[in-house]
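Counting in our numbering, the final residue of the sequence shown is number 413, and the numbers go up one at a time with none missing.
Report on the structure given below.
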Amino acid sequence: MILRRLTTALRKQDWFTVVIETLIVVLGVFLGIQLGNWNAARADDARAQIYLQRIADDLTEEIKIYEDRIAFWRQVSDNGMVVLDQAAGGEGLHDPWEILLAYFQASQVAEFYPVNSTFEELKSAGDLGLIRDADLRSELSTYYAYPGSESLRERPRYREHVRGIIPVRLQLYIWTNCYQTDGVRQALKSCPSPVEDAEIQQVVDRLRANQQLTEELHYWISGQEVAILIVRQSVATAHRLRDELVARLGEGDGTTQ
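In structure tokens, the structure reads:
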């Protein structure tokens, strides 16, 4: 319709009408582009809100896992310290079974694997720009780089060594009666000895006489303490980021510049 009027005006050399109709066409195109951009921006904002909520949920789950790992590593480290105190001739346990159990439980591991699927999805899709706040984007990128995470997945030489000395049937008893897991979280439990003290004492004597084993345990317990320090800092950062995301989502401000 507009093009027909514009053509007619050109034929009649009605320049005023030509200018008006041209302005109408240009304005219509401009408004159409702006509307498209506005709709795209709204869609991006909605996607950003969804992603930030998912990241907040990931952080909540990761905090739970971190706290579980701290508790478990503390159990492992405490068992290791019992063994090292015994090796140094200090006061401690006298029951042979409890000493052997401490040797074994000090070899336990609880590896940490990140809950970072949402952030990795954003990064691989090239959509990190949906998080428009540059400071928040930078903080999340730094957090999800997991500095020091290699120490949270170590399997020590001590683990292999001590389990090569303790008889398998005693190890199987420990797994069945002195340990529990739901597939994600682990816990160490007290349990009675399955055999006479004299038999256990023979194994304990072999363990105590092995200087290499003691040295490996020194290294392993030191690593556990470092892991706990790293994770405590990660927990504090995860709490802060999660709380910031929740506050932004509550304000509908997850994408603010």
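The beta carbon of each residue, even a glycine, is placed where N, CA and C say it ideally should be.
Integer Cβ distance of L257 from I330, believed to fall under 8 Å = 7 Å
Original post:
Below 8 Å, can you find three or more Cβ-Cβ pairs linking the stretch 368–381 to the stretch 272–279?
Top reply: no
- prompt: Which residue's Cα is closest to the Cα of V387: L208, R362 and R225?
  reply: R225
Worksheet item: Tell me which same chain residues have a C-beta within less than 7 Å of the C-beta of R210, skipping the five on either side of it?
Response: T274
- prompt: For Y375, which of helix, strand or coil comes out of DSSP?
  reply: helix
Q205 and A266 look like a contact to me (Cβ under 8 Å); what is the Cβ gap, rounded to whole Å?
Contact flag wrong, Cβ pair sits at about 34 Å.
Q. Helix, strand or coil for Y222 per DSSP?
A. helix
(Q) Beta-carbon within less than 6 Å of E155's beta-carbon, same chain only, minus the 5 sequence neighbours each way: which residues are those? (A) Examination of residue 155 is not possible in this model, given that the chain is present from 157 through 413 alone.
Measure the C-alpha to C-alpha separation of L344 and E223 and round it to an integer number of angstroms. 16 Å
For the candidate residues L278, S263, R325 and F268, whose alpha-carbon lies nearest to that of P351?
In the sequence under discussion, the amino acid at residue 351 is Val, which differs from the Pro named in the question. The option with the nearest alpha carbon to V351 is R325.
- Message: Quick check: I377 and S233, are their CB atoms within less than 7 Å of each other?
- Response: yes
- Message: Suppose you measure from the CA of N333 to the CA of E400; what does that come to, to the nearest Å?
- Response: 43 Å
Query raised in the report: Do you know how far the Cα of E381 is from the Cα of Q336?
Result: 23 Å
Could you give the DSSP three-state label for Y335: helix, strand or coil? strand
(request) Specify, as a first and last residue, the run of the alpha helix (DSSP H) that L278 falls within. (result) S273 to S280
Exercise for review: List the DSSP bridge partners of A343.
Suggested key: Q336
Distance between L215 and I287 (C-alpha atoms, nearest Å): 16 Å
* First and last residue of the uninterrupted alpha helix (DSSP H) at P252 -> P252 to Q261
Determine the burial state of Q368: buried for a count of at least 16 other Cβ atoms within 10 Å of its Cβ, exposed for fewer. exposed
* Asked: Where does D399 sit, in a helix, a strand or coil, going by DSSP?
  -> helix
Original post:
Quick one: Cα of A301 to Cα of R311, how far?
Top reply: 21 Å
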